[in-house]
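Numbering (our numbering), first residue to last: 3 to 141.
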Amino acid sequence: MRISQLARTRAPEHMPIPNARPTNDTPVDAKGVGRKILGQVYETYKTELAGKRFAYDGEKSLFSVGPLPHNKLEFTVVMSEVGTGNRSPEVDGSLSESERKRSRRWPHTKTYKVAINFDAKIPMSEIANNLSGHETKHF
């Protein structure tokens, strides 16, 4: 099987990852969070994505072999995080009974809205040329 094109989707320049924002509208810029969010997008919406896998560059671009089903896709993802209560160990490093109770973990959830927009088709020949050291239109 020969792959002739790679599709790239891009978020607006001001977004650190493909247009993923928590519902309180603050940008997501913590390292690794974008990958987790996009992994959850795939797991939750793989039918809507027609099973197309994609690669995320860690900043603001997604790449897929061939186009995604639509030029503009919007998803809502709920992510769980685990936090711990405040705790201050006693002088010998052990926790008192009340501190042990407060240190139990509880789940936090955040809801993210993710928008993926088509940007460009990149011929595989351009990728090969770029890897060979030649300047290309897209790189």
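Every residue gets a Cβ at the ideal spot worked out from N, C-alpha and C, and that includes glycine.
**Asked** What three-state label does DSSP hand SER134 in the structure shown?
**Response** Working through the sequence shown from its first residue, we reach residue 134 at position 132. Note: SER134 maps to coil in three-state DSSP.
**Request:** Sort SER82, HIS136, MET126 by Cα distance to HIS110 and report the nearest one.
**Result:** For the purposes of this step, residue 110 is taken as residue 108 along the sequence shown, with counting starting at 1. Looking from the CA of HIS110, the closest CA among SER82, HIS136, MET126 belongs to SER82.
**Asked** Comparing alpha-carbon positions, which option in LEU75, LYS48, PHE65, TYR58 lies nearest LYS115?
**Response** Walking along the sequence shown from the start, residue 115 turns up at place 113. LYS115 has its Cα closest to that of LEU75, out of LEU75, LYS48, PHE65, TYR58.
**Message:** Need the endpoints of the beta strand (DSSP E) that LEU64 sits in, please.
**Reply:** By one-based count along the sequence shown, residue 64 stands at place 62. Looking at the DSSP string, the run of the beta strand (DSSP E) that includes LEU64 is 63–67.
**Request:** Can you tell me which of GLY68, VAL80, PHE120, ASN119 puts its alpha carbon nearest to the alpha carbon of GLY165?
**Result:** Since the displayed the chain opens at 3 and closes at 141, residue 165 lies outside it and no answer follows.
**Message:** Within a Cβ cutoff of 8 Å, which residues of the same chain sit near ARG37, ignoring the five residues on either side of it in sequence?
**Reply:** As a first step, residue 37 must be located in the sequence shown, where it is residue number 35. Excluding sequence neighbours, ARG37 sits near TYR58, GLY60.
**Request:** Can you tell me which of LEU64, PRO71, GLY34, PHE65 puts its alpha carbon nearest to the alpha carbon of LYS48?
**Result:** Working through the sequence shown from its first residue, we reach residue 48 at position 46. Checked all of LEU64, PRO71, GLY34, PHE65; the closest Cα to LYS48 is PRO71.
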